[in-house]
Every structure is written in structure tokens, then in C-alpha cells.
Amino acid sequence: MKHFAVASVVILCLLGTIVPEVRGQSFTGAIAGTIRNANGEVVPNAEITITQTQTGKVITVTANGEGYYISPPLGVGDYRVEAKVTGFRRAVRGGISLQIQQTLLVDFTLEVGAVTETVEVTTEAPVLETSSSVLGKVVDNRRILELPLNTRNVYSLIYLTPGVAGGIGNNYNSLSYSVNGARPTMMDTVIDGVTASFPTVNGFTGISVFPSVDAIQEFKVMGATYPAEFGRSLGSVLNVVFKSGTNQFHGSAYEFLRNSVFDANNFFDNRRGAKLGSFKRSQFGGHATGPIIKDKTFFMGSYEGLRARSFATSLTTVPTVLQRQGDFSQTFNQAGTLIKIFDPFTTRASGTGFIRDQFVDNKIPANKLDPVALNVLKYYPLPNLPGDPNTRANNYAASGSTQLNLDNYDFRIDHRFSDKQTFFARYSHRYTEDVPLQAFPDDLTIAEGRIIQENRVRNIVAEYTNTLTSSMVLTARLGFSRTLYVYSNQGLGFKPSSLGLPASIDSVVDRQMFPAFGVSGMASLGGNDHRYNAFMSYPFVTTITRTQGNHNIKFGGEIRMIRVNVWEARNAGTFNFNAGFTQGPNPNAASNAAGFGFASFLLGTGTSGNTLIQGWKNVASQSFYYAGYFQDDWRVSSKLTLNLGVRYDFDSPRTERYNRMNYFDPNAISPLSGKVAGFPTLKGGVVFVGVNGTPRHQYFKDTNNLAPRLGLAYQFNDKTVLRAGLSHIFGPSNQAAQGTVGPFGFRTEYPWITTTDGITPANLLRNPYPLGFRALPGSSDGLLTQVGANLQSVLQDTVTPWSRQWNLNIQRQLPWNMSLEVAYVGTRGFQLSRNGEGGLDLN
30 MKHFAVASVV ILCLLGTIVP EVRGQSFTGA IAGTIRNANG EVVPNAEITI TQTQTGKVIT
90 VTANGEGYYI SPPLGVGDYR VEAKVTGFRR AVRGGISLQI QQTLLVDFTL EVGAVTETVE
150 VTTEAPVLET SSSVLGKVVD NRRILELPLN TRNVYSLIYL TPGVAGGIGN NYNSLSYSVN
210 GARPTMMDTV IDGVTASFPT VNGFTGISVF PSVDAIQEFK VMGATYPAEF GRSLGSVLNV
270 VFKSGTNQFH GSAYEFLRNS VFDANNFFDN RRGAKLGSFK RSQFGGHATG PIIKDKTFFM
330 GSYEGLRARS FATSLTTVPT VLQRQGDFSQ TFNQAGTLIK IFDPFTTRAS GTGFIRDQFV
390 DNKIPANKLD PVALNVLKYY PLPNLPGDPN TRANNYAASG STQLNLDNYD FRIDHRFSDK
450 QTFFARYSHR YTEDVPLQAF PDDLTIAEGR IIQENRVRNI VAEYTNTLTS SMVLTARLGF
510 SRTLYVYSNQ GLGFKPSSLG LPASIDSVVD RQMFPAFGVS GMASLGGNDH RYNAFMSYPF
570 VTTITRTQGN HNIKFGGEIR MIRVNVWEAR NAGTFNFNAG FTQGPNPNAA SNAAGFGFAS
630 FLLGTGTSGN TLIQGWKNVA SQSFYYAGYF QDDWRVSSKL TLNLGVRYDF DSPRTERYNR
690 MNYFDPNAIS PLSGKVAGFP TLKGGVVFVG VNGTPRHQYF KDTNNLAPRL GLAYQFNDKT
750 VLRAGLSHIF GPSNQAAQGT VGPFGFRTEY PWITTTDGIT PANLLRNPYP LGFRALPGSS
810 DGLLTQVGAN LQSVLQDTVT PWSRQWNLNI QRQLPWNMSL EVAYVGTRGF QLSRNGEGGL
870 DLN
């Protein structure tokens with residue numbers, strides 16, 4: 030299967046600086062340049078001293094025989110660069126701002142003189158990118174702080190990048206943006222050098238960190254042909270770096286308040302006399318950075334809270350007092366015509382059709398009311414409005430507030446053991462609670478079907494850096510990302526048998542909850558499921574950076590342990606009712622003047638299509654991701670730079686802690702082969718992992734994921750640069766851990782058989798499952814699992830999705846520190862989807 034993304038042409042006219050691209054490790058950068066004399070000849074062996082002005086850290090490198098130098102990886106920040114060599118005056122350039130993944134060219138022209146003399150060099154910041162083919166956009170701290178952001182979601186600034194489309198929300202699974210046509214939710218987010226991403230229930234990419242605006246130094250969206258250092262993304266990488274402390278204390282405190290008392294009502298509500306609904310939102314917090322030990326140990330701390338309250342209303346329909354008694358003598362349709370209620374138990378043949386009798390006086394006798402329905406009825410609130418004059422619809426209203434509560438903490442410590450060894454660690458914690466309106470009274474709210482959503486997020490990063498030699502740096506990072514998502518059903522803990530349902534339901538459901546009752550034309554009761562899901566990623570990254578002549582070489586590897594623990598319990602049975610069983614006199618003829626859903630409910634005669642699910646989605650899956658890469662940024666000449674790289678990606682096939690998985694084998698000989706007319710050699714069925722010597726993983730290993738990267742940057746002159754790139758990139762594999770793994774065998778569906786002929790009731794609400802329930806079969810049914818029913822499973826030969834990207838880019842410097850950039854970007858996707866949660870697709 031092949032998918033194509035529309036290639037895009039982007040023309041940019043940018044004010045200010047065009048940001049150079051990545052040449053440092055992950056979120057770091059580098060400073061490079063060439064030393065020449067006044068005649069334009071290179072000056073070899075100059076000593077270059079680079080000082081980070083905020084922390085006082087000093088790094089010294091030596092230019093090679095061709096006058097070229099490049100620093101080891103440097104953190105984002107402000108720098109001062111000094112060049113000196115015997116026979117020339119010392120040259121100094123200050124006020125240099127290094128951005129994330131930037132190779133900043135700082136060239137020097139030395140004047141003849143004594144080395145004790147100093148020349149301060151001042152030039153404008155570079156406008157053109159002359160050393161990389163990567164297309165991307167840096168959003169620095171100034172823009173982050175100054176641009177307006179509703180709810181201060183820093184990821185909203187991703188839209189500043191050309192080629193971005195899609196949605197950006199405030200939840201762990203809501204970054205569904207796409208860059209240059211690539212598939213959304215398949216991108217990687219790297220924060221402080223390690224991934225903050227993980228798979229979710231359906232394998233899409235979630236994120237564990239939503240940093241406070243004040244805690245972020247800057248971020249960069251790499252939209253096309255990024256270096257081999259990055260992978261496991263189908264189209265782009267979002268690279269974020271937190272602030273770190275400096276030798277000076279800095280801090281801020283804030284509150285952003287919105288209150289509807291200061292808002293104007295809209296014209297139409299004013300005209301009809303409707304008042305403006307109440308809305309209050311307070312977002313508050315602060316941050317601080319500074320030294321613990323000057324020039325040695327630094328800290329950063331940040332807190333942000335959000336409290337939002339919104340006025341909300343609910344208008345719905347509940348049974349009238351008469352209807353609750355089975356009296357439908359005052360139940361009318363929209364035209365004011367009495368809705369006749371017929372007795373489904375009187376259904377009988379009449380000529381070529383069937384006929385039913387209407388209840389006397391349009392009232393259901395007490396002895397025919399279903400006892401379970403009468404118990405459920407107690408959880409409907411009484412009407413508090415007259416409702417529609419004829420139908421009495423919309424006779425119950427409630428108002429109140431919805432709540433959104435958020436607390437976000439970020440802490441970081443940086444420490445310098447020596448001039449060669451440094452360390453930092455960061456911890457981020459976020460708690461979000463989304464509380465909907467409570468529309469039912471306190472004693473009935475357990476049946477309302479309310480869901481309170483919670484996100485409990487943690488992220489940890491630790492980095493150790495060792496400058497092994499003046500030209501070689503080792504970096505190792507360890508991370509942990511976890512999101513606990515709680516979809517808390519407020520009907521949890523309710524015993525279904527307390528309604529009069531069979532006690533066996535209490536033990537067969539995954540969690541005891543108020544069952545789901547849907548009555549056409551009425552408010553629903555219960556419903557929804559209960560979820561307690563944890564998504565985790567444990568990344569480890571190590572990189573060696575080496576400068577050798579005109580080559581800046583990086584190589585390293587990455588390992589991620591990925592875990593997804595999902596516990597999703599379906600409601601304790603679904604029981605729906607419509608007018609079908611109480612319409613007549615012809616039971617097959619529907620009419621708006623005959624039959625009523627609530628009457629069918631009182632009789633316990635449900636519709637078809639209702640199912641009780643046992644073992645809905647209980648998964649504890651795990652997989653490992655391995656990658657290795659080599660990248661060489663080769664400055665062939667002062668005009669041409671080549672970016673050459675290759676990466677290898679491998680997602681190991683997932684396993685499940687209790688082997689609750691299977692795969693579909695289209696060649697397996699079915700036990701029904703020869704027993705079904707017309708199918709003498711029937712094939713196909715599910716094979717369970719870990720059974721009879723079958724391996725514990727679902728898939729064949731996909732081991733050929735070699736991803737080359739090729740790019741160039743050619744500077745025609747001081748004002749024009751041509752850049753081009755081509756790359757193969759592999760995204761998150763369908764084989765990796767996720768919450769949907771093919772559950773049948775460890776999930777059983779029991780349909781409520783409410784009729785066998787479509788018109789005569791069977792298995793009333795009082796005893797919906799007379800045959801009872803069986804224990805979960807697990808793998809015991811083997812190839813007969815789900816025979817005659819729907820099936821969800823996977824194919825063993827599913828491979829890793831991948832994309833091919835290419836771009837061609839021209840930059841032209843204009844007067845007044847402006848530039849014009851014209852870019853063509855292409856993306857083509859392969860093997861993007863094979864099968865999904867809804868069923869098996871062999872095509």
C-alpha cells in the first residue's frame with residue numbers, strides 16, 4: 030500500500046535572521062569558522078577561545094592547517110569568541126547568540142600586529158544558512174514569551190513553521206499536526222535530547238511534556254531531511270530545550286485572568302434577552318533561574334497552574350409522572366396526536382401479516398412492567414420544566430459549571446564536575462483534571478454517565494557529557510516518559526445485580542459499573558467505559574562527536590523500551606430500547622402515532638445490537654526500539670558543504686505480559702475444512718502466541734530498515750545559497766507496543782438476543798442472558814476463535830512504515846537584513862497502514 034503526500038512550494042519573505050541548521054548533538058549547536066589574513070589567505074593553527082557569557086564556561090579549540098575550526102557541541106545561549114595567533118592582533122567577537130541545532134559561522138580576518146593588541150569585531154548576524162540542507166524553523170524564547178498564546182500552550186507556536194497543518198491540543202494525544210504532508214500523529218518530539226513520545230492505545234504518538242512558556246529556552250521544528258541523528262518519525266521532529274540556570278538570578282511571576290464580567294454579550298443574545306454565560310479562567314505561576322555555586326552548579330524551577338470555570342447547561346427529556354406509571358394516555362406526538370401503545374406479547378398472525386392489540390386506555394398494566402426497568406426508573410430525575418406543550422420533550426434542565434484544573438512543575442539542575450565533565454537532570458510533572466457538568470441530583474449522579482478525565486504525566490531526563498579530547502566529546506542521556514490517563518466513570522462501583530439483573534453479570538464484567546440504558550427520545554443512563562491506561566517510554570541515547578579536519582563526525586545509538594498498559598472496561602451491559610416493540614397494530618409498520626421507546630423500556634423489550642463485552646481491552650504490551658547512526662558534515666570548500674548520513678532503525682515485535690495476543694494465519698487449515706459446503710479446503714484462523722511452541726511475539730522481524738540521508742549547501746556568493754536534500758526515514762512501527770493488539774480469545778462478546786423473528790420479544794430485561802456466561806476461552810478455541818463472527822487480528826508480515834523526503838531550497842539575501850527563500854518539499858509515504866482496530870483488512 031502506498032500513500033502520497035502533496036509536495037508543497039513555500040515562498041518565504043522573512044524579517045530578521047534565517048536560522049542555520051543542526052550540526053550539534055540533538056538540542057545543542059556549534060560555532061565554526063575560518064581564519065584569514067587581510068589578503069584573504071588562510072591562517073593556520075589559530076587558538077580559538079569560546080566563552081559562554083551566562084555561565085563563564087570556557088572552551089578552547091585550534092584551527093587546522095586550512096584555517097578552519099569548529100567547536101564541540103555547545104548549549105544554547107550567548108557566547109564570546111576570541112581568535113589569536115602569533116604575529117597578528119587578537120580578534121574578539123561578542124554578543125553571539127547560538128540557537129538550537131545551529132552551526133553558527135564566525136569567521137575572522139586578522140590584522141598584522143602584536144598578539145597583545147585586541148580588535149573588537151562587530152558584524153551583523155548571518156542571514157543565510159550555508160552549511161546544511163535541513164529545512165526547519167526555530168522559535169526562540171523572545172517569540173515564545175511575546176507572542177499571544179491562548180492557554181499558554183507553547184506547542185501552538187508550531188504553526189509559525191511553513192508547511193504545518195492539523196490540530197494542536199492540550200492533551201497527551203492531541204498533537205495531531207502534519208508537516209509537509211506527512212501523516213499526523215506519527216512525529217517525534219525530542220525534549221532536552223531524548224524523546225518525550227510514546228505509543229498510545231491505537232499506536233499513534235502521544236507526548237509526556239507540556240512545558241510552561243517561561244521554562245522553555247527555544248524549540249525547533251525540523252520539517253524535512255533532518256540528520257541521521259533523528260529517527261522514528263514519518264516526517265518531522267520537534268526539538269525542545271528547557272532553560273538552564275546562569276550566574277545571575279532571574280525570575281518572574283504572573284497571572285493571566287479572564288472573567289466574563291468584563292466581557293460584552295453578543296448582539297443576538299442581547300436581542301433575545303439572554304444573559305452572558307459565566308466564564309472564569311486564571312492562569313498563574315512563575316519561574317526562577319540562577320546559580321547554586323557560581324560557575325559550577327545552576328538551577329531552574331517553574332510552576333504553572335490553571336483554573337477554569339465555564340457556565341454549562343443541560344436540556345434533555347425525562348419520563349413524566351404518568352409515563353413512569355405506565356400511563357401513556359397523555360403522551361402525544363409533535364402534531365398533538367395521541368401515541369398509541371401496543372402490547373408486543375399479543376403479536377399474532379393475521380392473514381398474510383401480523384397484528385397486535387393496543388393496551389386498554391393506553392396504559393400498561395402493573396403486572397407487565399419489567400422489575401429491572403422499574404428499578405432503573407428510580408435513577409431518572411423528575412421533570413422540572415413543563416417541556417413541549419404536546420410531546421413534553423425537553424422537560425428537564427440543569428445548569429452549573431465545568432472545571433479544568435491544571436498544575437505543571439519543571440525542575441532542572443546543571444552541574445560542572447570539571448572543565449571536561451558536565452551533568453544535568455530535569456524532572457517535569459503535570460496533572461490535568463477535566464470535570465464536566467453534573468446535571469443529575471447528587472443521589473442520582475451515579476447513573477448519569479459522567480466521565481472525569483485525568484492526565485498524570487511525568488518526564489525525567491539526565492545527561493552526562495565528557496570531553497574526551499579537544500576534538501572528541503561523549504554524551505550519554507537517559508530518559509523516562511509516562512502518562513497515566515484516567516477516564517473515570519462516575520458510575521464505578523455500582524453492582525448491576527442491585528437493579529435486579531442476574532448476579533452473574535457482577536462477576537463477568539471487568540469492572541462493576543452502572544449499565545448503559547438508552548431509551549429513544551429520553552436521556553440516557555449510565556454508559557461509557559472506564560479506562561486506566563499508562564503509556565511509557567524509557568530511552569537511552571549515546572553519541573560521540575568528533576572533529577577531524579573539515580569533517581564534523583557524529584555517531585551513536587539509541588535504545589527505547591516501550592510499554593503500554595491498558596485497562597479499558599466496557600460498561601456492564603448495553604440495553605437499548607426504541608418504539609419497535611410497542612408499535613402497531615401492524616408490528617412491521619412504523620408510525621409517529623404508534624409505539625414509544627419508553628413504553629418498550631418499561632416492558633423490558635429491547636432492540637437488537639446490544640452487547641455485553643467481557644475482557645474489553647486488557648493489555649500489557651512491551652517492545653524495544655534500537656537505532657544506530659553515522660553522520661558526517663563535510664565542509665568540502667568555503668562554498669560547498671555536504672551532509673552525509675545513514676541510520677538503522679529496528680522496532681522489535683511486541684510481546685504481551687500474559688501472552689494475550691494472536692495473529693491471523695491465512696494459510697492455516699481450518700478445523701471446519703471439508704465440513705462447510707463449498708469450502709473443501711477452508712483456510713485461515715488466528716494463532717495464539719506462546720502456545721505449542723509459538724514465539725511470544727506477533728510479527729516477523731522487520732530488519733532491513735536502512736535510512737540514508739544526503740544533503741548539500743552551496744554558496745554561490747555572499748547573497749545566494751542553494752540547498753538540497755534527500756532522505757529515507759522510518760516511522761513508529763505497527764509492530765511496537767500499543768494498546769490494541771488483537772484481543773479475541775481474551776475478549777468475549779455476548780449479544781442480547783431480544784427477538785428471533787424481529788417482532789416477538791425474547792429474553793426480557795429481567796433475564797437478558799438466560800444461557801449465562803462462559804469463562805474467557807483464551808487460546809483454547811484455537812483456529813475456531815470467533816468463527817462466524819467479526820475478528821480483530823494482525824498479519825505477521827506487517828512492516829515498518831517509512832517515507833521518502835526531498836527538498837530544494839534557494840535563499841537570497843535582500844537589503845535591510847531581509848531574505849527571500851523559495852523551497853520545494855516533497856514527501857511520499859509507504860506501508861503507512863495495514864489493519865486497524867475495527868477489523869482485519871487483507872487489502
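Under our numbering, the first residue of the sequence shown is numbered 30, with each subsequent residue one higher.
A virtual CB, placed ideally from N, CA and C, is assigned to each residue, including glycine.
Other residues of its chain near residue i: CB distance less than 6 angstroms, five sequence neighbours each side excluded
i, result
"Asn814", "For clarity, residue 814 is Thr in the given sequence; the question names Asn instead. Closer than 6 angstroms at the Cβ level, and outside the excluded window around Thr814, lie Val715, Phe773 and Gly774."
"Ser237", "Ala225, Val486, Asn488, Ser510 and Thr512"
"Gly280", "Ala317"
"Ser620", "none"
"His444", "Thr326 and Phe452"
"Arg560", "Tyr516 and Glu597"
"Lys323", "Asn276"
"Ser762", "Asp680 and Thr829"
"Trp831", "Phe759 and Phe859"
"Gln450", "Asn495"
"Phe388", "Ile370 and Asp372"
Where residue i sits in the DSSP three-state scheme
i, result
"Arg172", "helix"
"Asn495", "strand"
"Lys249", "strand"
"Gly817", "coil"
"Ser339", "strand"
"Gly53", "Low local confidence applies: a pLDDT of 36 at Gly53 is under 50, so the model's placement there is unreliable, with the coordinate-based value given in what follows. Three-state result, Gly53: coil."
"Leu411", "coil"
"Ala364", "coil"
"Ala143", "coil"
"Phe371", "strand"
"Arg833", "strand"
"Lys397", "helix"
"Ala766", "coil"
Nearest-angstrom Cβ-Cβ length linking residue i and residue j, presumed shorter than 8 angstroms
i, j, result
"Gln894", "Ala491", "Because the chain spans 30 through 872 in this model, residue 894 falls outside it and cannot be assessed."
"Ile99", "Ala59", "6 angstroms"
"Pro256", "Arg592", "Not quite, the Cβ-Cβ distance comes to about 28 angstroms (not below 8 angstroms), so this is no contact."
"Arg599", "Asp558", "5 angstroms"
"Ala427", "Ala468", "4 angstroms"
"Tyr97", "Asn579", "6 angstroms"
"Gly260", "Ala736", "7 angstroms"
"Phe546", "Val705", "About 39 angstroms separates the two Cβ atoms, so there is no contact after all."
"Leu669", "Leu755", "No, Leu669 and Leu755 are not in contact; Cβ-Cβ is about 16 angstroms, not under 8 angstroms."
Burial state of residue i (16 or more Cβ within 10 Å)
i, result
"Ala608", "buried"
"Pro412", "buried"
"Pro400", "exposed"
"Arg24", "Residue 24 is absent from the model: the chain starts at 30 and stops at 872."
"Gly210", "buried"
"Glu146", "exposed"
"Phe297", "exposed"
"Tyr108", "buried"
"Val290", "exposed"
"Tyr779", "buried"
"Arg776", "buried"
"Arg301", "exposed"
"Trp845", "exposed"
Own chain, CB closer than 8 angstroms to residue i, minus 5 neighbours either side, in chain order
i, result
"Ser358", "Leu351, Leu367, Asp390, Asn391 and Lys392"
"Leu398", "Gly355, Leu631 and Leu632"
"Arg725", "Thr684, Glu685, Asn688, Val718 and Gly719"
"Pro465", "Ala341, Thr431, Arg479, Ile480 and Ile481"
7 angstroms Cβ shell around residue i - same chain, five flanking residues per side excluded
i, result
"Gly62", "Tyr98, Leu134, Val135, Asp136 and Phe137"
"Met690", "Val718, Gln727, Val770 and Gly771"
"Val183", "Ile173, Pro240, Val242 and Ile245"
"Gly85", "Asn276 and Asp324"
### Query
Can we say the segment 782 to 801 touches the segment 242 to 251, given the rule of at least three CB pairs closer than 8 angstroms?
no
### Message
Three Cβ pairs or more, each shorter than 8 angstroms: is that satisfied between the segment 155 to 165 and the segment 253 to 271?
### Response
With a cut-off of 8 angstroms, the segment 253 to 271 and the segment 155 to 165 count as touching, because enough Cβ pairs lie within range.
### Query
Does the segment 745 to 762 come close enough to the segment 832 to 841 that 3 or more CB-CB pairs lie under 8 angstroms?
yes
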